[in-house]
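Protein chains in written order, with my numbering: chain G, 1 to 496; chain S, 497 to 995. Where a beta carbon is used, it is the ideal one built from N, C-alpha and C, also for glycine. A short worksheet on the structure shown next.
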Amino acid sequence: MARALAAGETTSVELTQAALDAIAAVDGAVHAYLHVDAEGALAQAAASDARRAAGTPASALDGVPVAVKDVLATTGLPTTCGSKILEGWLPPYDATVVARLKAAGLPILGKTNMDEFAMGSSTEHSAYGPTHNPWDLERIPGGSGGGSAAAVASFTAPLALGTDTGGSIRQPGAVTGTVGVKPTYGGVSRYGLVAMANSLDQVGPVTRTVLDAALLHEIIGGHDPLDSTSVDQPLPPLVEAARQGAAGDLSGLKVGVITELSGEGYQAGVLARFHESVELLVQAGAEVVEVSCPNFVHALATYYLVMPCEASSNLAKFDAMRYGLRVLPEGVESPSAEEVMRATRDAGFGDEVKRRIILGTYALSSGYYDAYYGTAQRVRTLISQDFAAAFEKVDVLVSPTSPTTAFKLGEKLDDPLAMYLNDLATIPANLAGVPGISVPSGLAEEDGLPTGFQVLAPALADDRLYRVGAALEAALEAQWGGPLLDKAPTLEGAAR
Amino acid sequence: MSAAETLVPFDDVLAAYDPALGLEVHVELNTNTKMFCGCPTAFGAEPNTQVCPTCLGLPGAMPAVNRVAVESAIRIGLALNCEIAEWCRFARKNYFYPDMPKNFQTSQYDEPIAFEGWMDVDVDGETYRVEIERAHMEEDTGKSLHVGGSTGRIHGADYSLVDYNRAGIPLIEIVTKPITGMGEKAPAVARAYVQQLRDLIVALGVSEARMDQGNLRADVNLSLAPKGSTTLGTRTETKNVNSFRSVERAVRFEMQRHAGILGSGGSILQETRHWHEDTGVTTSGREKSDADDYRYFPEPDLVPVAPSREWVEQLRGTLPENPTQKRARLQADWGFTDLEMRDTVGAGAFGLVEATVAAGCAPQAARKWWLGEMARRANDSGADIADLGVTPLDVARVQALVDEGSLNDKLARQVFDGLLAGEGTPDEIVAARGLAIVSDEGALNAAVDEAIAANPDVADKIRDGKHAAAGALIGAVMKQMRGQADAARVRELVLEKLA
C-alpha cells in the first residue's frame, strides 16, 4: 500500500475509505471494532494526501490506515479497555504510540475489541461481546488482542497495534494467520497503555507481512522520556533486517528449537507445520539445534502470580471517583465513598477481571507475599537465565506460537485453566523481556485453521526476528503461491 | 474521653513508667515540579489547576522520577548522617482512599534511599542522640474538602470535593528508631527534635518547612513501659501534629492518658489518633490492626534509583554547616550567654535571629524582639513564632528605624501590630499610621512649655533639684504627642527649661 501511495496509484483517502467500506461490510459478523472513527480517519487521510502532493510525506507509512487496540489512550476516541467500567471515557491525552502514529501520518480507523483489561486468550471476555475469527466465525480470534488480529485478517485494516502481556499479540496472530510482534520490553513506550501488568506489557504491531510489521515497529519504537522503563538507545535497523531476510539467506544463523515448547500438549497439525517451517530455515542455510530451557515449565504458574498482583493494583484506580462508571448501591440512603466504590466495581468489572483482582490481592497480602510473589520473582529470574544460557548457544529460539489452532467460542469459558494453557509458549518472553514474533506457518490439516511460528531473540536484538521472520515468510509464500491470508474465506455477506 | 482515659498527673506517670518515643516527620519538598510528573507545585493555586494525566492517575499515564527530589532526599539523608543506598526502588502502597488518584501511593518500602543515621538534639543543655531509622521518598495525596455539615468532616457533609494539586508533590518521610531513656524530658525531646529537624531542612533549602501550611507534618508514636522493663509497650500514633508546641503537648497528653489506662488494669489499643489543637487532647482515629495490609510490591513502572557515589559525594559537598557547630560559632559571634542561647533555640528563634542579624540588626536587639515581643505574641495566638507573619527582614528594618531615632520601642510595637495585620512593610506602616517620632524642635518646645504650665507643682520640685519628678512631665508630653516623641530629648528639654 505504501508503495502504491508513493507511486501515486492510489490515495490515502481511497485506502481509508476502502477500509471503512470493508468494516461496514464485514464487521457486523467479525466484531473486530468497538469504535470506528470514519470522520477522523478520512480527515487524517486527506491531510496525508496533501502532504504527499507537496512532496513531504511524514513517514514510509504516511497515509496507510491503522486500527488501534482499545487499551491505548486516544484523544477524541473512547478508550474502554473492553470494560463497562470505562464505558464512554474520552482520554484527554494520546498514548505515545498513538501520538507517533499521528505524527507519521497514519489515519486511525478506530479502536479494536479486546478481552476486558487485556485479560484473556480469546476476546470472549470483552464486556461488549466477543470478536469472531475471520477464518471461522464460530471460533475465537485469540486474545486479548483478538480485535486487532481479526481486523487485519478480515481485511478491514492493513495495520493494527496490539499489546502483549503474555502473548496477546502473538497468539491472536497465530490463530488468525497474521504477523504479530512483541518488541523487547522497553523498546516501545508504554505511556498511555492502560496497564494490565506493567512489568510484562508491551505494545507491538499486528500486520499481514513481516515487512509491514518492521515499518510500523520503527514508527512506534524508540525512547520516550514519559516512560522511565523505555530503553534509551536507538532501535536496531528493523526494516533493513526484514528486507535482508526476505532475500532468503540465513547462512551463519544458529536456530534453537526449544525442547519444552515443541512436544507434548501440542496439536499434531500445529507441530507438523512447525517442523516444516524449521526445515525451511535449514534450507535457507540456518543451523538448527535443540535447546532446553528447563524452567519454562514453571512459566505459566509464574505468570499467573506476577500478572494478577500487578493487575490488582493497577485496577484499584477504577473506583467511581473521577471518571468512568459510577453505580450507587441499591437501597442505601446516603452511601459512603466505600459503598459507591464497591457497587461500581461490582457492576463494572467482569468475572475474569474480578478473578485476577482477587488472586493478586491474595498473593500480595502479608503472610503470602514471599510464598507467592517473592517465589514468582525468583522463578522469573531463572527463566531469564534459561534465555541467557540459550542465547549463548544460538542466535534465535523457535517454537510453535500457540499449542493449538483457534478453539470454538464458549468452549473454554468455564475452564480458566484450560484457557490459560494457550499462552504457554508465549509467556516466557514476557517474563524475561525478550522480543518475539509470530509468523503464519500454514494450516493444520485436521481443522484447516492457521498455525503460528514463533521466533524469539535476545533483548534489543529485535532485528533478528525480522530477518528470520521475513526469510520464513518468503519461503512459505513461495510454497503457497502467495500470502496465507489469501486462503481465508470471503466474509462478504456473512451473517452474524 | 471515656472514663477509662483518666489522665494521670505527669509526675506520677514518670514514677511508674518509662516513655518511648518514635517520630515520623513528613517534609514536603520545594521542588518546582512534582515527584513523578512535570506539574508545578505552587501553594494556594486554584483547585485542580496543577494536574496532568500522571498525577491524576488517569488510565495509561506513567510516572517518571524527579531528579531534583532525589537530590533533596540524598542531601537530607547525608545531613542526618545516614547511609545512602547504592540501589533502591519505589514500591506501591495499596489502599483505597478518595483523595488518592491511583488508590496506591508510590512510596519506598524495604529499600529506602537513606537509612541508619542520627541527629543530636539539645534539651536544657543536655544532648540526646536520636537515631534515624530511615528517610524515604514518596508522593503526597490530594486534599478532600467536605461541604455542608457542621464539622468539616465527611460525616454529615452534603458532598465532598477533592483537590489534586497536592497529589504527587514530593515528600520525604524521616522515621526515628524508638527513642528511650528520656524520662520527664520526653515531651521536650520530641519538640526539640522536630524543631532542630526543621532548622536543618531550612538550612538545606529543600523545603519551606512551614508546619502551618503542612510542609512539615509530624506523627508522634508513644508508648509506656513499666519502669525498668526492657521491652516496649504498645504504642499509639498521633497523626499530623502541626506545631512544635503541639508535638510537646501531644506527647505529654498521651503519656498521661496511657498511664491512666495502664494504671486501671487496661491495655493500650494500637491505633492512630487525632490531635485537637484547641482542646489539647487526642481522640481515637482508626484502629490499626492486622487488617491493615498495604500489599507493598516494587513499582514496575519506575526503574530503580542508583545514585552514583560521585554524585553522593558531590552532594555531600553542598551540605550547610553542621547545626551544632554553627550554633557554637554564632553564640560566640553574637556574645550570647549559654542561657540566652538556650532560650533562643528553645523558642524556635535561632534561625530567625540569625537571619535578622544577617539583615544588619545587632544580635541583642534581634534577640530582644524575637524572644520578647514575638514570643509573647506567638504564645497569645498559639502560633509558631516563625509563622506570625513577621519576617527577619521586617525586624531588622524596625530596629534600624529605632537606631536612627525615627521610632521608639513603643512605636515599634505599633509597627509590629501593623505587620501582623498585614498592612505592608514597616516603612509603609510608619507612613500610613503616622508613627514617626516628631523631631520638630518647635513642636517639642511648645509641648514641654505647655506641660510645665499645666503642672506648676511638679515644675517647682524639679527646679528644687528633684530631677526624678521629671518623669511626670515627660509622660504628659508623650501623651500629648501620642507617643511620637523622643523621650530622651524631651527629658533634656524639661531639665533645660527648669534649670
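- Neighbours of G/Val194 in chain S, taken as residues whose beta carbon is under 8 Å from its own, are Pro555 and Gly556 in chain order.
- Look at S/Phe832 here: in three-state DSSP terms it is coil, with no helix or strand label.
- G/Gly204 carries a strand assignment under DSSP once its states are collapsed to helix, strand and coil.
- Within the model, the alpha-carbon separation for S/Asp595 versus S/Thr550 is close to 15 Å.
- Residues of the stretch 208-227 of chain G that bring their beta carbon within less than 7 Å of a beta carbon in chain S comprise Pro225, Leu226 and Asp227, in sequence order.
- Under DSSP, S/Tyr655 shares a beta bridge with S/Val643.
- With the rule of 3 Cβ pairs closer than 8 Å, the stretch 580-588 of chain S counts as touching the stretch 792-804 of chain S.
- When the five nearest sequence neighbours on each side are left out, the beta carbons in the same chain lying within less than 8 Å of the beta carbon of G/Val306 are those of Ala197, Ser199, Leu200, Tyr373, Ala376, Gln377, Arg380 and Leu431, in order along the chain.
- The beta carbon of G/Asp249 lies closer than 7 Å to those of Ala284 and Gly285 in the same chain, with the five residues before and after it left out.
- Contacts between S/Lys639 and chain G, judged by CB atoms closer than 8 Å, are missing: the closest CB pair is about 14 Å apart.
- Linking G/Thr302 to G/Glu310 through their CA atoms gives a straight-line distance of about 13 Å.
- Burial check for G/His217: the Cβ neighbour count within 10 Å reaches 16 or more, so the residue is buried.
- Between the alpha carbons of G/Tyr362 and G/Val340 lies a distance of about 23 Å.
- Within chain S, no residue has its CB atom less than 7 Å from the CB of G/Pro130, the nearest being about 23 Å off.
- By the CB criterion at 8 Å, G/Pro172 and G/Ala149 fall inside the cutoff.
- DSSP places G/Phe453 in the strand class (E or B) of the three-state scheme.
- Taking 8 Å as the cut-off, the beta carbon of G/Leu491 is found closer than this to the beta carbon of G/Val26.
- Across the structure, G/Ile23 and G/Thr156 are spaced so that their CA atoms are roughly 5 Å apart.
- Secondary structure at S/Cys584: strand, using DSSP grouped into helix, strand and coil.
- Flagged as an interface residue toward chain S: G/Glu310, by a C-beta distance shorter than 8 Å.
- In the structure shown, the three-state DSSP call for S/Val799 is coil.
- Taking S/Thr768 as reference, the option from S/Gly761, S/Gly759, S/Thr778 and S/Ser760 with the minimal CA-CA separation is S/Thr778.
- By the rule that beta-carbons nearer than 8 Å mark a contact, S/Asn599 touches chain G.
- DSSP places S/Tyr513 in the strand class (E or B) of the three-state scheme.
- Beta-bridge analysis with DSSP links S/Ala714 to S/Val521 and S/Val737.
- The beta carbon of G/Val396 lies closer than 6 Å to those of Val255, Val455, Ala457, Arg464 and Val468 in the same chain, with the five residues before and after it left out.
- A check of alpha carbon separations from S/Leu897 across S/Glu919, S/Ala927 and S/Gly868 identifies S/Ala927 as the nearest.
- For G/Phe274, the enclosing alpha helix (DSSP H) stretches over residues Ala268 to Gln283.
- Only exposed fits S/Asp774, as fewer than 16 other CB atoms lie within 10 angstroms of its CB.
- Around S/Leu657, no beta-carbon contact reaches into chain G at under 9 Å, the shortest distance being about 11 Å.
- Counted as a single uninterrupted DSSP element, the beta strand (DSSP E) harbouring G/Gly180 occupies residues Val179 to Lys182.
- Identification of residues in the stretch 794-826 of chain S having a C-beta nearer than 9 Å to some C-beta of chain G yields Pro794, Glu795, Pro796, Asp797, Leu798 and Val799, given in sequence order.
- Around the beta-carbon of S/Lys589, 16 or more other beta-carbon atoms lie within 10 Å, marking it buried.
- Boundaries of the alpha helix (DSSP H) around G/Thr381: Thr375 to Lys393.
- For S/Asn590, the residues of chain G that pass the 7 Å Cβ criterion are Ser313 and Ala316, in the order they occur in the chain.
- Along the stretch 80-91 of chain G, going in chain order, the ones with a CB nearer than 8 Å to a CB of chain S are Cys81, Leu86, Trp89 and Pro91.
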